[in-house]
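Chemist:
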Amino acid sequence: MKPKIFIDGEHGTTGLQIRTRMAGRADVELLSIPEAERRNNTMREDLLNAADIAILCLPDDAAKEAVAMVAGNNSVRIIDTSTAHRIDPNWAYGFAEMDGAQAKKIASARHVANPGCYPTGAIGLIRPLRAAGLLPEDYPVTVNAVSGYTGGGKQLIAQMEDAGHADPIDAPHFLYGLPLKHKHVPEMQVHGLLSRAPLFSPSVGKFAQGMIVQVPLYLADLNDNASLGSIHAALADHYAGQDIVEVVDLKDSAALPRVNAVELADTDRMKLFVFGTAGAPHVNLVALLDNLGKGASGAAVQNMDLMLRQ
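No gaps in the numbering here: position 248 of the sequence shown is 263 in this note's numbering, and each next residue is one more.
1) Relative to the alpha-carbon of Val49, which residue among Arg36, Leu31, Pro213, Asp42 has its alpha-carbon at the smallest distance?
2) Spatial neighbours of Val263 within its chain, please: CB distance less than 6 Å, with the 5 preceding and 5 following residues excluded, ordered by chain position.
3) Starting from the Cα of Leu193, find the closest Cα among Pro217, Pro201, Ile172 and give me that residue.
4) By DSSP's criteria, Tyr108 is part of a beta bridge. Which residues make up the other side?
5) Give the single residue among Gln229, Leu237, Asp103 whose Cα lies nearest to the Cα of Leu150.
6) Based on Cα-Cα distance, which residue from Ala124, Phe189, Tyr254 lies nearest to Tyr164?
7) The beta strand (DSSP E) that contains Thr282, what's its start and end?
8) Buried or exposed, going by whether 16 or more other CB atoms sit within 10 Å of the CB of Thr28?
9) Taking the alpha carbon of Leu303 as the reference point, which residue from Gln317, Arg101, Thr282, Gly168 has its own alpha carbon closest?
10) Would you call Lys119 buried or exposed, if buried means 16 or more other Cβ atoms sit within 10 Å of its Cβ?
11) If you check the beta carbons only, do Pro143 and His247 fall under 8 Å apart?
12) Under the three-state reduction of DSSP, which class applies to Leu265: helix, strand or coil?
13) Beta-carbon within less than 7 Å of Ala7's beta-carbon, same chain only, minus the 5 sequence neighbours each way: which residues are those?
14) Roughly how many angstroms lie between the CA atoms of Ile138 and Ser90, to the nearest whole one?
15) Does Ile70 come out as helix, strand or coil in the three-state DSSP assignment?
16) Pull up the distance between the alpha-carbon of Phe21 and that of Pro134, whole angstroms please.
17) Using only the alpha-carbon positions, how far apart do Gly148 and Ala181 sit?
18) Tell me whether the beta-carbon of Ala66 lies closer than 8 Å to the beta-carbon of Lys19.
19) Would you check if there are 3 or more beta carbon pairs closer than 8 Å linking the segment 266-275 to the segment 202-214?
20) By the DSSP assignment, the alpha helix (DSSP H) with Ala315 in it spans what residues?
21) In whole angstroms, what is the alpha-carbon distance linking Glu261 and Glu112?
Structural data, given as structure tokens:
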């Protein structure tokens, strides 16, 4: 019998992307709710409890409500793409490449919290350096990032694409999260193994999908006489053998005139770079990904596939 998959919130941006990735797959059965019935809680509850894996593409409160609907049904496994459970120790964090044991944790978990798009890039850069002992846990990490506007969901998409919208945005690039209390900061801190909350400055560009996440570092404030080479080596060792996360060779990085935010749009991959000059005091760590690929829907499907192999 094919495993049954229900995407609760399938008509939103993340849900639609997951459905696109699942189109044509003959190894699973997709349960679906008509868009007109998406707020029909009785129908939602029935479908949630009929699923082998439920993927929640919902706001935080609605995700918590969905989890409560299957609380007494131990046969239903959940992937939650909201921020509601990302630092809950009872949920497996759905970044399979985060460390050597994470894929197995995801595969055996009943509850998996899908990472945020920005944290995927930030943690992907920070965690290997913490594991290697190069980055002190109290280092004052700064994360600067730009995302495609689809990361803001249907509301922001309409603002960016519809000139007749009540509140259109025509800026080619804008900062937000100005009070420095972005909802992704806690998971960056917890899963980045940091004792201090990172300073996170997010922004949005006038492109639909893609993302650049930057973590600049002062070498003198790192451990073990850290250098451009040792930082790159730590990342390369951490992701050796991975087919989704690629650490770009230092020579190839040095030859680049620019990093294109949309290079990995419509893919589920992530590239990591270490930029700087040998002997200079700074390095800039950069993650390149699709905010809806490895940063959201692609990661959810990757996690689902790990869970189905269990």
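For every residue, glycine included, the Cβ atom is placed at its ideal position computed from N, Cα and C.
Modeler: Per the coordinate set shown:
1) Stepping through the sequence shown from its first residue, residue 49 is reached at position 34. The residue asked about is misnamed: residue 49 is Pro in this sequence, not Val. Out of Arg36, Leu31, Pro213, Asp42, Leu31 has the C-alpha closest to the C-alpha of Pro49.
2) Position 248 of the sequence shown, counted from the first residue, corresponds to residue 263. Excluding residues within five positions, the ones whose Cβ falls inside 6 Å are Lys286, Phe288.
3) Mapped onto the sequence shown, residue 193 falls at position 178. It is Pro217.
4) Numbered from its first residue, the sequence shown carries residue 108 at position 93. The partner list for Tyr108 (beta bridge, DSSP) reads Ala128.
5) By one-based count along the sequence shown, residue 150 stands at place 135. The candidate whose alpha carbon is nearest that of Leu150 is Leu237.
6) Within the sequence shown, the letter at position 149 stands for residue 164. Ranking Ala124, Phe189, Tyr254 by Cα distance to Tyr164 puts Phe189 first.
7) Position 267 of the sequence shown, counted from the first residue, corresponds to residue 282. That residue, Thr282, is in no beta strand (DSSP E); it is neither H nor E in DSSP.
8) Numbered from 1 along the sequence shown, position 13 holds the residue referred to as residue 28. Per the 10 Å Cβ criterion, buried.
9) By 1-based counting over the sequence shown, the position of residue 303 is 288. Here the closest residue by C-alpha is Thr282.
10) As a working note, residue 119 is residue 104 in the sequence shown. Its Cβ having fewer than 16 others within 10 Å, Lys119 is exposed.
11) Looking up residue 143 in the sequence shown gives position 128. Looking up residue 247 in the sequence shown gives position 232. Contact flag unset, no.
12) Residue 265 sits at position 250 when you count from the first residue of the sequence shown. Reduced to three states, the DSSP call for Leu265 is helix.
13) An answer regarding residue 7 cannot be provided, because it is not within the stretch 16 to 325 covered by the chain.
14) Here residue 138 refers to the residue found at position 123 of the sequence shown. Here residue 90 refers to the residue found at position 75 of the sequence shown. Taking the straight line from one Cα to the other gives about 31 Å.
15) Position 55 of the sequence shown holds residue 70. Looking at Ile70 - three-state DSSP - the assignment turns out to be strand.
16) Translated into the one-based positions of the sequence shown, residue 21 becomes position 6. Translated into the one-based positions of the sequence shown, residue 134 becomes position 119. If you take the alpha carbons of Phe21 and Pro134, they lie about 25 Å apart.
17) Numbered from its first residue, the sequence shown carries residue 148 at position 133. Numbered from its first residue, the sequence shown carries residue 181 at position 166. C-alpha separation (whole angstroms): 50 Å.
18) Counting from one through the sequence shown, the residue named residue 66 turns up at place 51. Counting from one through the sequence shown, the residue named residue 19 turns up at place 4. Yes, these two residues count as a Cβ contact at 8 Å.
19) Segments in contact, no.
20) Looking up residue 315 in the sequence shown gives position 300. Its alpha helix (DSSP H) spans residues 313-323.
21) By one-based count along the sequence shown, residue 261 stands at place 246. By one-based count along the sequence shown, residue 112 stands at place 97. Roughly 11 Å between the two C-alpha positions.
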